[in-house]
Amino acid sequence: MSSPRSPQRPEALAALCAAVGRVAEDSLFACAEPCNGPRTAGLLQARPMTEAWLTAAVAFSGPFDGVVRMTLPRALAGELAGAFCGVPPQSLDAAQIADFAGELTNMVCGLWLTQTHRSERFELAAPSVAAAATADVAAMAAPDSGTQGIVLNDTPVLIALTAGTPVA
Amino acid sequence: MTVEAITGRGPAGPNILIVDDSAMMRTMIKRVATLAGTPIGTIYEAGNGREALAILEHHPVQFVFTDLNMPVMTGTELLREMLTRDQWRGIVRVIISTDGSDSRRDEAKDLSVSLYVEKPFRPEEMRDVLTSLTPAP
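Residue numbers (the numbering used here), protein chains in the order written: chain A, 1 to 168; chain B, 1 to 137.
This is the structure:
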């Protein structure tokens, strides 16, 4: 973390996981639980190598700056988006699923900051969403990568917190 | 910017403008509103404050549900602009945002905001908001 005001990463990741759980329960009718490194690695190894993934990022600035990133299978994003809007997942197009992945990350980041720093003011940037390859996802989950695994509807999801202002 | 006429249950209720840069969030709020069991007129959608002002200029709206953090024009800027026009004085304003910080809530008090809803919210919370704002038929 670049700022003396920044939270410690393990505590912040634990709080971010709690935020994912709250968002999943309140808005997605889904269940989320933290997942340790070895279990996350095992779950990722079991995923198809050709699976499409999405990484959604939300940058924030305020008393300290950073970026929250969520990486999840595109199919899971579609499933959750369908639950969120009450529509069949197969009726959603790629843009809608990407929009949802960004909003999901926005809700997680905003909830985390509100719950842990309610008396302080942060500005959140618009979410950015990009495709990710399975090999890249496995690398993201490597030990000491600063990434926390979460199981959401029995599917692995990665969440990461990077300190500092992102390079444009 | 889209406009959707909702088939009301019974007598037509208030027209609602939903302002959020996420189309999926607008869809979710719209769905909850239509299932809330309260009379609803027309639901309008805008992706930012500027689009919302354009809708307000041309359509009668009774409720505005707005996000805060949006590109082009934020929800705070939209609400400030709404204060400058007498014909919009009676519109009920509701903030729906991930940002529930004390300073944002304090700021909302100066913007004639009736309710502040933090994301994520349960669908029944939005139903309760609509019920509390809509007069019983």
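For every residue, glycine included, the Cβ atom is placed at its ideal position computed from N, Cα and C. This one's a predicted model, so the numbers in the text were calculated from it and none came from an experiment.
- prompt: Are the Cβ atoms of L124 of chain A and N48 of chain B separated by less than 8 Å?
  reply: One-based indexing of the first sequence puts residue 124 of chain A at position 124. One-based indexing of the second sequence puts residue 48 of chain B at position 48. In this structure, N48 of chain B does not lie closer than 8 Å to L124 of chain A by Cβ.
field: 6 Å Cβ shell around P127 of chain A - same chain, five flanking residues per side excluded
entry: Position 127 of the first sequence, counting from 1, holds the residue named residue 127 of chain A. For P127 of chain A, where only same-chain residues beyond five positions count, the Cβ hits under 6 Å are A56, V58, G102, T105, N106.
query: Applying a beta-carbon distance threshold of less than 9 Å, which residues of chain B neighbour Q96 of chain A?
result: Counting from one through the first sequence, the residue named residue 96 of chain A turns up at place 96. Simply A23, M24, T27.
message: Please report the straight-line C-alpha distance between Y44 of chain B and M24 of chain B, rounded to a whole angstrom.
response: On the second sequence, position 44 is the one that residue 44 of chain B refers to. On the second sequence, position 24 is the one that residue 24 of chain B refers to. Each residue's alpha carbon lies about 14 Å from the other.
message: Check this for me: beta carbons of L76 of chain A and N153 of chain A, under 8 Å apart or not?
response: Counting from 1 along the first sequence, the entry for residue 76 of chain A is found at position 76. Counting from 1 along the first sequence, the entry for residue 153 of chain A is found at position 153. Yes, the Cβ-Cβ distance between L76 of chain A and N153 of chain A is below 8 Å.
Same chain, Cβ closer than 8 Å to F121 of chain B, neighbours up to 5 away in sequence not counted: Stepping through the second sequence from its first residue, residue 121 of chain B is reached at position 121. Closer than 8 Å at Cβ, skipping near neighbours: I96.
message: By the three-class DSSP mapping on this structure, what secondary structure does T134 of chain B have?
response: In the second sequence, counting from the first residue as 1, residue 134 of chain B sits at position 134. The answer is coil: DSSP assigns T134 of chain B none of H, G, I, E or B.
- request: Flag this pair as yes or no: are the beta carbons of E125 of chain B and V117 of chain B separated by less than 8 Å?
  value: Here residue 125 of chain B corresponds to residue number 125 of the second sequence, with the count starting at 1. Here residue 117 of chain B corresponds to residue number 117 of the second sequence, with the count starting at 1. Yes, these two residues count as a Cβ contact at 8 Å.
field: Nearest-angstrom beta carbon gap, V151 of chain A and C35 of chain A [assumed within contact, 8 Å]
entry: The residue labelled residue 35 of chain A in the question sits at position 35 within the first sequence. The residue labelled residue 151 of chain A in the question sits at position 151 within the first sequence. The pair is a contact, with the Cβ atoms about 5 Å apart (cut-off 8 Å).
- prompt: Exposed or buried, P14 of chain B, counting other C-beta atoms within 10 Å across all chains shown (16 or more means buried)?
  reply: If you number the second sequence from 1, residue 14 of chain B lands on position 14. It counts as buried.
query: Given a threshold of 16 other Cβ atoms within 10 Å of its Cβ, counted over all protein chains shown, does S22 of chain B qualify as buried or as exposed?
result: Here residue 22 of chain B refers to the residue found at position 22 of the second sequence. With 16 or more other Cβ atoms within 10 Å, it is buried.
Contact list for F64 of chain A against chain B, beta-carbon separation under 8 Å: Residue mapping note: residue 64 of chain A aligns to position 64 of the first sequence, counting from 1. Those do not exist, as F64 of chain A stays about 14 Å from chain B at its closest Cβ, beyond 8 Å.
message: Among A:M70, A:W112, A:T134, A:R69, whose alpha-carbon lies nearest the alpha-carbon of T98 of chain B?
response: Position 98 of the second sequence holds residue 98 of chain B. With distances taken between Cα atoms, T98 of chain B lies closest to A:W112.
query: So, helix, strand or coil for C31 of chain A, using DSSP?
result: What you label residue 31 of chain A is simply residue 31 of the first sequence in a count that begins at 1. Here C31 of chain A sits in coil by DSSP.
query: Cβ of D99 of chain B less than 8 Å from any chain A Cβ?
result: Your numbering for residue 99 of chain B matches position 99 in the second sequence. D99 of chain B counts as touching chain A.
field: Nearest neighbour of A138 of chain A, chosen from A:F84, A:R47, A:R74 [CA to CA]
entry: To locate residue 138 of chain A, count along the first sequence from 1; it is residue 138. Among A:F84, A:R47, A:R74, the Cα nearest to that of A138 of chain A is on A:R47.
query: Going along the stretch 107-136 of chain B in order, which residues come within less than 9 Å of chain A, judged by CB to CB distance?
result: E118, K119, P120, F121, R122, P123, E125
message: Which complete beta strand (DSSP E) runs does the stretch 47-115 of chain A hold, if anything under 3 residues is left out?
response: 53-61, 66-73
- request: Quick one: residues in its chain with C-beta nearer than 6 Å to the C-beta of A19 of chain A, no 5 flanking neighbours on either side, listed in chain order?
  value: Here the question's residue 19 of chain A lines up with position 19 in the first sequence. Excluding residues within five positions, the ones whose Cβ falls inside 6 Å are V108, L111, W112.
message: Please report the straight-line C-alpha distance between T155 of chain A and R69 of chain A, rounded to a whole angstrom.
response: Translated into the one-based positions of the first sequence, residue 155 of chain A becomes position 155. Translated into the one-based positions of the first sequence, residue 69 of chain A becomes position 69. C-alpha separation (whole angstroms): 17 Å.
- request: Reducing DSSP to helix, strand and coil, say where P143 of chain A ends up.
  value: The sequence position of residue 143 of chain A within the first sequence is 143, counting from 1. Reduced to three states, the DSSP call for P143 of chain A is coil.
Short Cβ contact (8 Å threshold) for L53 of chain B with L83 of chain B: Mapped onto the second sequence, residue 53 of chain B falls at position 53. Mapped onto the second sequence, residue 83 of chain B falls at position 83. Taking 8 Å as the Cβ cut-off, L53 of chain B and L83 of chain B do not qualify as a contacting pair.
- request: Step through the CB atoms of chain B and report whether any lies within less than 8 Å of the CB of S119 of chain A.
  value: Along the first sequence, read from residue 1 onward, the residue named residue 119 of chain A stands at position 119. So yes, S119 of chain A belongs to the interface.
message: Using C-beta distances below 8 Å, list every residue in its chain close to S114 of chain B, excluding the 5 sequence neighbours before and after it, in chain order.
response: For this step, residue 114 of chain B is matched to residue 114 along the second sequence. The answer, listed in chain order, is V92, R93, V94, L133.
message: DSSP three-state label for L115 of chain B, please.
response: For the purposes of this step, residue 115 of chain B is taken as residue 115 along the second sequence, with counting starting at 1. Residue state, collapsed to three classes: strand.
message: Can you tell me whether V61 of chain B is helix, strand or coil according to DSSP?
response: Locating residue 61 of chain B in the second sequence gives position 61, where the first residue counts as 1. In this structure, V61 of chain B counts as coil in the three-state DSSP scheme.
Assigned secondary structure, E120 of chain A (DSSP; H/G/I helix, E/B strand, else coil): Position 120 of the first sequence, counted from the start, is the residue given in the question as residue 120 of chain A. Residue state, collapsed to three classes: coil.
message: For a cutoff of 8 Å on Cβ pairs, would you count T147 of chain A as touching chain B?
response: For this step, residue 147 of chain A is matched to residue 147 along the first sequence. Not an interface residue.
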